[in-house]
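Please read the structure below before turning to the comments.
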Amino acid sequence: MAHEGKLPQVNRFITTHDSNGKAVFSDALPEESTMKGLANTSPVMGFALSYTTSTFPVDMAGDKDVTAYKKYLSDPPGLSVSNGTVLRHVDFEPGVTSAMHRTVSLDYGILLEGQIEAVLDSGEARLMKRGDVCVQRGTMHAWRNPSPTEWARMVFVLQTCEPVEFKGEKVGEDLGTVHDTVRPST
52 MAHEGKLPQV NRFITTHDSN GKAVFSDALP EESTMKGLAN TSPVMGFALS
102 YTTSTFPVDM AGDKDVTAYK KYLSDPPGLS VSNGTVLRHV DFEPGVTSAM
152 HRTVSLDYGI LLEGQIEAVL DSGEARLMKR GDVCVQRGTM HAWRNPSPTE
202 WARMVFVLQT CEPVEFKGEK VGEDLGTVHD TVRPST
């Protein structure tokens with residue numbers, strides 16, 4: 052990706068049990084979580100699908116959750132997964148602002164590196180610093196990296212929810228002008 056070396060490599064360490072019932076690290080997948088850029092985009096944003104689940108509660112028997120995640124690595128889900136969760140790292144180029152969008156999910160957005168402004172469609176914004184969390188509850192929002200020189204990285208945990216109701220109307224997913232490579236949620 053275009054920003055290699057600007058932020059540290061994302062690694063994921065998946066645990067499991069050995070034949071004696073002891074906790075060990077799984078070798079089912081490489082530990083490196085691959086950061087991918089969106090096709091034909093400028094400015095650049097990088098995405099790593101660091102884990103997903105597709106059931107609730109999660110069924111880990113026989114590594115069913117790992118198998119489901121492997122499927123999503125070759126055929127990525129939309130922003131969220133019905134009856135499951137998504138763990139995603141997102142890198143933001145200096146000065147980038149994402150499209151204004153809404154998911155039908157409860158999202159925890161945690162800033163790991165740099166600074167990000169959480170921008171709402173009302174015009175309100177909050178500057179997030181390393182370690183800050185934004186709890187996104189089905190609202191229209193965008194993410195802006197205000198730095199002209201420094202990359203920012205967030206990690207998002209998305210869990211599907213019932214559609215939000217406003218004045219008696221259910222409000223669904225709205226990807227705004229999110230790039231063509233971002234698919235609707237499954």
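Taken in order, the sequence shown gives residues 52 to 237; the numbers are from my numbering. We put the CB at the ideal spot given by N, CA and C, even for glycine.
- Residue pairing by DSSP puts M179 in a beta bridge opposite I167.
- Positions of the beta strand (DSSP E) runs, each at least 3 residues long and wholly inside the stretch 97-130, cannot be given because no such run exists.
- By the CB criterion at 8 Å, S149 and W194 fall inside the cutoff.
- Here M111 is exposed: its Cβ has fewer than 16 other Cβ atoms, across all protein chains shown, within 10 Å.
- With fewer than 16 other Cβ atoms from the protein chains shown falling within 10 Å of its own Cβ, S77 counts as exposed.
- Each residue's CA atom was taken as its position, placing V109 and T67 some 14 Å apart.
- Going by C-alpha positions, I167 is about 22 Å away from T85.
- Taking the CA atoms as reference points, K180 sits about 9 Å from I161.
- Under the 10 Å beta carbon count, L100 is surrounded by 16 or more other beta carbons and is classified as buried.
- Counted as a single uninterrupted DSSP element, the stretch harbouring C212 is not any beta strand (DSSP E), since DSSP gives it neither H nor E.
- With contacts defined as CB atoms closer than 8 Å, M205 and E144 fail to qualify as a contacting pair.
- In this structure, the beta-carbon distance from Q210 to T136 falls below 8 Å.
- Of the residues assessed, A203 falls on the buried side of the cut-off, its CB having 16 or more other CB atoms within 10 angstroms.
- Under the 10 Å beta carbon count, S105 is surrounded by 16 or more other beta carbons and is classified as buried.
- Ranking E164, E83, L163, V186 by CA distance to the CA of L171 puts V186 first.
- Rounded to the nearest whole angstrom, the CA to CA distance from N196 to D183 is 14 Å.
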